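Notes follow the structure.
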Amino acid sequence: MAWLVMAFSTIAQRIPILESSSVTWFQRGTTNEVVLNGQALGEVTSIIFSGSGIVGIPAPRTAPAVTLEPSGAGLTATAVDNAKSRAFQIEIGPDAPLGSRELRVASPGGVSNPLVVNVSDLPEVREATLVGSKEEGAMVTLPTALSGVIGASTETDRFRFKARAGEKLIFDVQANRTGSPLDPTLVLLDASGKELARSEDAQGLDPFLEFTPTADGEFSVTLRDQRFQGGGDYRYRMVMGAVPYLDFLFPFGGQRGTSVELQLQGRNLENADRMNLRLAPDAPRGRPDIRAHTAQGYSNPQPFEVGDLPEFAEVEPNNSVDQANAVSIPVVINGRIGEAKDSDYFRFKAPADGKLVADVQARRFGSPLDALLTLLDSQGAVIQRNDDSSGPDARIEFDAKKDTDYLLALRDLTDRGGSRFGYRVTVKAADTTPDFVVRSPAGRFRIHQGGFTAVRCDLERRNGFDGVVRITGDALPPGITAAALVLGSAPNFGWIVLHAAADAPLGANPLKLIASGERSGRALTRPVQFSEQGWLTVLPPASFELDVAQASALVEQNTNTVLDVTITRREGFNGEVKVFAEDAPKVSIPAVTISSGQARAKMVLAAAYNADSGPRPIMLRGEAIVDGTTNIQYALAPVPLTVQGIPMFLTAMLPGSPFFRTDAVRLSAVALPTNTPSAASRTEFVVKVDRRGLPGEIALALENLPTGVLATVNPIRAEKNEATIELLVSDQAETGKEHSFNVIGTVTHQDRIWRQKTQPVTINIVAPEKTTASTNSVAPPPAPAGK
């Protein structure tokens with residue numbers, strides 16, 4: 005009974021779910037009281053952050069309002085974790101990196117989904133904590149960042165502040181661009197309520213204002229939804245104050261091991277318009293954020309790309325074919341469409357035969373440029389043009405000839421231009437190196453001590469990579485082992501099965517898997533990419549174990565086979581267990597239930613008529629509700645299922661259908677004597693065949709044809725793909741109801757007789773309309789004239 009007490013006192017843990025946080029922005033060097041909302045938060049023991057400089061602890065749990073005290077020995081009661089909110093204390097270090105990171109919570113039941121939180125250098129103020137009437141507005145001290153909600157359709161938020169003459173104040177509202185449905189309108193007012201400025205769609209749908217008071221005084225801003233809408237998710241954050249602000253940086257990137265002179269444009273930048281940025285040779289490749297830092301604080305972030313290719317700076321004038329800048333491939337070109345109707349030209353010589361790619365990056369860096377990219381020959385004749393391959397950014401891929409001169413021309417699609425219309429154009433050979441990527445559609449997994457769990461892995465082969473890929477665990481948590489998953493030419497997915505030892509430590513740990521292969525004798529290793537950060541939680545032993553009798557299975561297209569599944573129950577568990585099969589392409593596997601007191605069931609596997617032939621793994625999963633929570637156990641290995649092809653597939657269809665269809669066929673006819681010339685008693689349909697290596701004639705026959713229905717049945721001739729079946733409904737047929745029958749095709753192929761039955765054909769037999777005899781009297785002939 006000791007095992008029962010332990011299991012039932014811990015197994016009631018549910019996976020925590022996070023839905024929202026009372027605070028999503030935190031200032032460096034502060035300690036914050038935060039309430040997380042969601043489900044099953046009562047048993048949370050820790051809070052997990054990505055990145056460094058931020059830690060948190062849960063507030064002590066409150067005692068349950070109701071407890072149970074059994075009189076019998078060996079019984080332990082535990083309340084189900086229904087807590088929908090939980091308080092935490094979150095501490096932000098003074099040097100915590102600025103920007104976003106993920107927050108999760110962990111309990112004995114598992115790790116939650118992530119929420120995104122942010123670290124800034126500004127005082128972060130929540131609208132709900134301010135004191136002041138809606139009409140007058142709460143007083144705030146600048147600089148600050150306000151977080152609020154337009155909770156109702158007619159709501160307007162108002163904030164008052166004091167400012168000194170000559171201060172350059174910015175008001176940057178972040179709402180729609182961060183996913184809020186709010187379409188904000190921002191209005192700046194003086195102390196008397198006079199409107200001084202207004203903004204609505206400065207940054208997408210978000211407002212932005214710059215204001216310099218001419219005299220010291222009190223001012224206010226109001227914020228509402230432009231359409232007078234609102235709700236709990238109409239959230240916003242507004243930065244207010246004389247803080248630095250970057251409109252943009254140029255260029256948008258640089259090469260490792262070089263120095264880049266950055267041009268800065270923005271507000272409150274202390275008249276700094278240029279700065280040198282040194283990129284170390286070992287700087288991580290990617291797109292980090294850059295902020296300007298002054299005595300007034302940090303600016304908003306701007307992305308900057310760190311790469312390996314040589315960089316080239318556009319040199320004006322280059323507005324025509326004969327003024328084109330000469331560049332060498334590969335290269336990243338940095339330039340600007342400096343004025344309306346400007347065009348930039350670049351000339352290069354292809355270094356070899358093969359595909360070249362010219363990729364524009366502009367909108368991805370916040371540039372308003374809607375790029376139109378044109379490839380020309382050396383004389384200026386257009387070869388190819390593109391304006392929207394990657395959203396508003398353009399991309400051209402073409403077959404280049406060695407030592408041939410080409411030109412690239414770039415302009416704005418609508419002939420706009422200006423200092424902010426910057427771009428980067430990467431010109432290089434297309435990536436043709438064989439490679440692979442392995443992804444998993446999930447990220448958080450649970451496993452019971454002594455049990456198994458399965459992780460689906462999907463293999464994407466690139467540029468003709470045809471090697472074997474082996475997937476294994478990478479520094480798995482203590483007590484966790486995994487048999488290697490080997491993916492060959494087919495299928496392109498599989499399940500790596502993890503096993504937890506009976507004494508594997510309880511709790512959550514990061515999970516990492518590694519995929520390895522070989523290319524031209526050189527080893528390749530790639531981390532398996534989870535849908536989110538990988539986590540594995542070890543739980544106490546489950547209530548049952550799941551097994552399958554067959555080591556492998558075989559099924560033909562359009563037929564069924566059976567798997568025998570068994571469960572082994574732990575002492576004290578007698579509930580039902582539902583057994584599911586994870587998705588398998590074109591194989592239908594309905595779930596089965598093993599009832600209380602039972603241990604076995606049969607699962608039917610039905611292969612579709614168009615299921616790809618060849619092997620695929622079938623992974624089984626058992627689920628049982630124990631003490632209000634779900635126990636999940638996987639089989640110790642997937643069952644290899646091989647689908648064999650069939651030489652033909654027949655289907656019934658209405659005449660004239662342009663597609664190969666397998667849905668129901670419905671016919672209708674009137675029951676009439678066979679010698680009646682009316683076409684109402686006649687109907688027809690066709691039987692089509694999908695030939696799969698079968699050249700011969702296929703005999704057709706009807707099964708369960710209704711009495712009184714006569715049929716003309718012709719075979720499907722050799723090398724033909726259909727035959728028409730004509731039906732004549734006689735007056736001997738039963739009317740007033742629908743009748744169903746099937747077509748059976750038979751053929752001998754490769755010393756085997758193949759038979760296939762089509763889907764049911766339904767015919768509605770209608771009785772003829774009855775003719776009513778006339779009973780009107782005949783009028784007498786008129787009397788002769790003169791009588």
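Residue numbers (the working numbering): 5 to 791.
Glycine included, every Cβ here is placed at the ideal spot set by N, Cα and C.
Quick caveat: nothing in here was measured; it's all calculated off a predicted structure.
Item: For the 8 Å Cβ check, are there 3 or more pairs between the stretch 138-153 and the stretch 45-59?; Value: no
Item: Suppose you measure from the CA of Pro531 to the CA of Ser263; what does that come to, to the nearest Å?; Value: 32 Å
Item: Please return the same chain residues whose Cβ sits closer than 6 Å to the Cβ of Val690, not counting the five positions on each side in sequence.; Value: Met657, Pro659, Glu726, Thr728
Item: Compute the Euclidean distance between the alpha carbons of Phe792 and Val135, then round it to the nearest angstrom.; Value: There is no way to answer for residue 792, as the model of the chain reaches only from 5 to 791.
Item: To the nearest whole angstrom, what separates the beta carbons of Val583 and Val569, a pair I think is in contact under 8 Å?; Value: 5 Å
Item: Let me confirm a value: Pro545 is counted as buried when at least 16 other C-beta atoms fall within 10 Å, else exposed. Which label applies?; Value: buried
Item: If you draw a straight line from the alpha carbon of Ser781 to that of Glu773, how long is it in whole angstroms?; Value: Unreliable positioning characterises Ser781 in this predicted model, as indicated by a pLDDT of 49, which lies under 50. A coordinate reading is not provided.
Item: Starting from Glu265, trace the beta strand (DSSP E) in both directions and tell me its first and last residue.; Value: 263-271
Item: Using 8 Å for Cβ pairs, my map puts Arg415 next to Asp346. What's the rounded Cβ distance?; Value: 7 Å
Item: Name the DSSP beta bridge partners of Arg686, please?; Value: Leu732
Item: Could you have a look at Asp374 and say whether DSSP puts it in helix, strand or coil?; Value: coil
Item: Of all the options Leu671, Ser617, Gly245, which has the alpha carbon lying nearest to the alpha carbon of Gly816?; Value: With the chain running from 5 to 791 in the structure shown, residue 816 is simply not present.
Item: Pull the bridge partners of Asn614 from the DSSP assignment, please.; Value: Its beta-bridge partners do not exist; DSSP assigns none.
Item: Under a three-way DSSP split, which group does Ala738 fall into?; Value: The residue you asked about is not Ala; residue 738 is Glu in the sequence shown. Glu738: coil per DSSP, three-state reduction.
Item: What first and last residue would you give for the beta strand (DSSP E) that runs through Asp439?; Value: 439-443
Item: Within 10 Å of its beta-carbon, does Asp392 have 16 or more other beta-carbons around it, so buried, or fewer, so exposed?; Value: exposed
Item: Answer yes or no: do Val177 and Pro188 have a C-beta to C-beta separation smaller than 8 Å?; Value: yes
Item: Within the stretch 115-192, note down every full beta strand (DSSP E) run reaching 3 residues or more, in order along the chain.; Value: 119-124, 128-130, 148-153, 160-167, 173-178
Item: Does the stretch 638-654 come close enough to the stretch 671-679 that 3 or more CB-CB pairs lie under 8 Å?; Value: no
Item: Let me make sure I understand the geometry here. Which of His503, Val501, Ile475 has the alpha-carbon closest to that of Leu491?; Value: Ile475
Item: State the DSSP-derived secondary structure class of Ala675, mapped to helix, strand or coil.; Value: coil
Item: Less than 8 Å between the beta carbons of Ile748 and Arg756, yes or no?; Value: no
Item: For Leu227 and Thr182, what's the separation of their Cα atoms in angstroms?; Value: 17 Å
Item: What does DSSP give as the partner residues of Gly103 in its beta bridges?; Value: Val123
Item: Going by beta-carbon coordinates alone, are Pro307 and Arg428 separated by less than 8 Å?; Value: no
Item: For the beta strand (DSSP E) holding Asn322, just list the boundary residues, first then last.; Value: Careful: Asn322 lies outside any beta strand (DSSP E) and carries neither H nor E.
Item: Ala605 to Ala555, Cα distance in whole Å?; Value: 16 Å
Item: Between Met607 and Leu640, which are expected to be in contact by the criterion C-beta below 8 Å, what is the C-beta distance as a whole number of angstroms?; Value: Rounded, the Cβ-Cβ distance is 16 Å, inconsistent with contact.
Item: Confirm, please, whether the CB-CB distance from Pro118 to Leu107 is below 8 Å.; Value: yes
Item: Thinking C-beta only, is Ala668 closer than 8 Å to Pro764?; Value: yes
Item: Consult DSSP for Met10 and reduce its assignment to one of helix, strand or coil.; Value: Because Met10 carries a pLDDT of 32, less than 50, the predicted location of this residue cannot be relied on, and no value is offered for it.
Item: Indicate whether Val115 and Ala512 have their beta-carbon atoms separated by less than 8 Å.; Value: yes
Item: So, for Lys791: in the same chain, excluding its five sequence neighbours on each side, which residues have a beta-carbon less than 8 Å away from its beta-carbon?; Value: Note that Lys791 has pLDDT 39, beneath the 50 cutoff, so the model's placement of it is unreliable and no number is given.
Item: Quick check: Ile96 and Val123, are their CB atoms within less than 8 Å of each other?; Value: yes
Item: Taking only three categories from DSSP, how would you classify Phe369?; Value: helix
Item: Please list the segments of the beta strand (DSSP E) lying wholly inside the stretch 536-610, counting only runs of 3 or more residues, in order along the chain.; Value: 539-543, 548-552, 557-560, 564-573, 581-585, 596-598
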